[in-house]
Amino acid sequence: MPRQSHKGDPAKVERTFSAEEQSLIDSRTVTPEELAANDGLDGRPAWIAVNGVVYDVTERWQEGRHHGLSAGRDLTEEFINSGHPGSVLPKMKVVGSFARS
1 MPRQSHKGDP
11 AKVERTFSAE
21 EQSLIDSRTV
31 TPEELAANDG
41 LDGRPAWIAV
51 NGVVYDVTER
61 WQEGRHHGLS
71 AGRDLTEEFI
81 NSGHPGSVLP
91 KMKVVGSFAR
101 S
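Residues in the sequence shown are numbered from 1 upward in steps of one, following the UniProt record's numbering.
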């Protein structure tokens, strides 16, 4: 059976959050500067933003890099155009909401 392609599907960034995750989203807003500072380099945490939510990907991304992408950025478009299915997002730890500039 061929693998289903998820590339280019904007619906995959839509997801349901647990009560705990929603509380983090509602109570903590991450600025673009704070996101950029959490780039996974030099022992810093690795955070990414996808669809207005900031995720901690430190455990999964080596030195803030994954498939040629760098942490510390809004990667919504890159995620939509990646081969990853939307089921990847709930596996990541929510940090808070992202305050787009």
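In this text, a Cβ means the ideal position worked out from N, Cα and C, and glycines have one as well.
Who are the Cβ neighbours of residue i in its own chain at under 6 Å, not counting the five residues just before and after it?
i, result
"G86", "K12"
"D39", "G64, A71 and G72"
"A46", "G40, V57, T58, W61, G64 and A71"
What are the partner residues of residue i, as DSSP defines its beta bridges?
i, result
"A49", "V54 and D74"
"T29", "S97"
Could you round the C-beta distance between residue i and residue j to whole angstroms and report it? I think they count as a contact, below 8 Å.
i, j, result
"S97", "V53", "6 Å"
"Y55", "V30", "About 10 Å separates the two Cβ atoms, so there is no contact after all."
Could you name the residues of the same chain whose beta carbon sits closer than 7 Å to that of residue i, not counting the 5 residues immediately before and after it, in chain order?
i, result
"P10", "I80"
Leaving out five residues on either side along the sequence, give the residues of the same chain with a beta carbon under 8 Å from the beta carbon of residue i.
i, result
"R44", "A37, N38 and G64"
Around the C-beta of residue i, are 16 or more other C-beta atoms found within 10 angstroms, so that it is buried, or is it exposed?
i, result
"D42", "exposed"
Next on the checklist: With three or more beta-carbon pairs closer than 8 Å as the criterion, would you say the stretch 18 to 27 touches the stretch 61 to 70?
Outcome noted: Result no; under three Cβ-Cβ pairs closer than 8 Å.
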